[in-house]
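Have a look at the structure below before the remarks.
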Amino acid sequence: MTIGECARIWRQRVNERLKPLGLSQAAWLALWHLSRATDGLVQAELAERLGIEGPTLVRLLDRLEKEGLVVRQASLSDRRYKRVVLTEAAGPVVSQVKAIIAGLRGEILDDIPDAELAAGLRLLERVRQRLGSA
Numbered sequence: 047m048t049i050g051e052c053a054r055i056w057r058q059r060v061n062e063r064l065k066p067l068g069l070s071q072a073a074w075l076a077l078w079h080l081s082r083a084t085d086g087l088v089q090a091e092l093a094e095r096l097g098i099e100g101p102t103l104v105r106l107l108d109r110l111e112k113e114g115l116v117v118r119q120a121s122l123s124d125r126r127y128k129r130v131v132l133t134e135a136a137g138p139v140v141s142q143v144k145a146i147i148a149g150l151r152g153e154i155l156d157d158i159p160d161a162e163l164a165a166g167l168r169l170l171e172r173v174r175q176r177l178g179s180a
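Residue 47 is where the sequence shown starts when you use my numbering, and the numbers rise one by one after that.
Next comes the structure, spelled out in C-alpha cells:
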C-alpha cells in the first residue's frame with residue numbers, strides 16, 4: 047500500500063536525521079505534542095495523540111526523562127494522573143528537531159506545486175476521517 051510505504055520510509059528518514067541527537071520519530075512526536083501544549087499533557091492523552099499504548103509510552107517517557115527532556119508531575123486535580131511537561135533543556139532540542147524535520151520535508155516536497163500538495167492533503171484527510179469513523 048502506497049500510504050503505508052510512504053509512512054515507513056518517512057519514519058526511516060526521520061530516524062536517520064535524528065540519530066545524532068539520540069532521538070527517534072516516536073520521541074520527536076512526543077516532544078512536538080508536548081511543545082504545543084501550554085501546560086503539558088496527561089499521559090493517557092499523550093498516548094492517544096501518539097497512537098500508542100500506555101506501557102509503550104511509559105518506556106518512551108522513561109528515556110526522555112532520563113535525558114532531562116521531560117518531567118512527570120502528579121496532576122493537581124487528580125493525583126492518579128501524571129502530567130508530562132517539557133523541561134527547559136527540551137526547548138533547544140525541540141527547536142533543533144523542528145528545523146531538521148522542516149529541512150527533510152522541504153527536500154521531499156519543495157518541487158511539488160502547492161495545488162497538488164493541497165489536493166493530496168485534502169484526500170488524505172478524507173481517508174483519515176473515514177478510517178476514524180470505521
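Note that beta-carbon positions come from the ideal geometry of N, C-alpha and C, so glycine has one too.
Just to confirm the assignment, what range does the alpha helix (DSSP H) spanning Lys-112 have? Mapped onto the sequence shown, residue 112 falls at position 66. Run containing Lys-112: 100 to 112, per the alpha helix (DSSP H) assignment.
Taking the DSSP output, what are the residues bridged to Leu-132? Along the sequence shown, one-based indexing puts residue 132 at 86. DSSP lists Val-116 as the beta-bridge partner residues of Leu-132.
Helix, strand or coil, according to DSSP, for Leu-87 in the structure here? Here residue 87 corresponds to residue number 41 of the sequence shown, with the count starting at 1. If DSSP states are grouped into helix, strand and coil, Leu-87 belongs with the strands.
Comparing C-alpha positions only, which one of Val-131, Gln-142, Trp-74 sits nearest to Ala-83? Counting from one through the sequence shown, the residue named residue 83 turns up at place 37. Considering only Val-131, Gln-142, Trp-74, the residue with the shortest C-alpha distance to Ala-83 is Val-131.
My guess is that Val-116 and Leu-107 are in contact by the Cβ rule of under 8 Å, so how many angstroms apart are they, rounded? Here the question's residue 116 lines up with position 70 in the sequence shown. Here the question's residue 107 lines up with position 61 in the sequence shown. Going by Cβ atoms, the distance from Val-116 to Leu-107 rounds to 6 Å, so yes, they are a contact pair.
At least 3 beta-carbon pairs within less than 8 Å: the segment 139 to 150 vs the segment 59 to 76: The segment 139 to 150 makes contact with the segment 59 to 76: 3 or more CB pairs, one atom from each, lie closer than 8 Å.
If you draw a straight line from the alpha carbon of Lys-128 to that of Glu-111, how long is it in whole angstroms? As a working mapping, residue 128 is identified with position 82 in the sequence shown. As a working mapping, residue 111 is identified with position 65 in the sequence shown. Take the alpha-carbon of Lys-128 and the one of Glu-111: they are about 13 Å apart.
Which residues bound the alpha helix (DSSP H) around Ile-42? The question about residue 42 has no answer here: the residues shown for the chain are numbered 47 through 180.
Mind checking whether Gly-114 and Thr-133 have CB atoms under 8 Å apart? Here residue 114 refers to the residue found at position 68 when the sequence shown is read from its first residue. Here residue 133 refers to the residue found at position 87 when the sequence shown is read from its first residue. Yes, they are a contact pair.
Just curious, the alpha helix (DSSP H) that Ser-81 is in, first and last residue? Against the sequence shown, residue 81 aligns to sequence position 35. It spans 71 to 82 - the alpha helix (DSSP H) in which Ser-81 sits, taken as one unbroken run.
Measuring CB to CB, does Leu-103 end up less than 8 Å from Gln-119? For the purposes of this step, residue 103 is taken as the residue at position 57 of the sequence shown. For the purposes of this step, residue 119 is taken as the residue at position 73 of the sequence shown. No; because the gap between Cβ atoms is not below 8 Å, this pair is not in contact.
Sorted by chain position, which residues of the same chain lie with C-beta nearer than 6 Å to Val-60's C-beta, five sequence neighbours on each side aside? The count along the sequence shown starts at 1 and reaches residue 60 at position 14. Spatial neighbours of Val-60 in its own chain (CB-CB distance under 6 Å, excluding positions within 5 residues in sequence) are listed in chain order as Gln-71.
On a CA-only basis, which of Leu-170, Gly-178, Asp-156 is nearest Ala-53? Give me that one, please. On the sequence shown, position 7 is the one that residue 53 refers to. The residue with the shortest Cα to Cα distance from Ala-53 is Leu-170.
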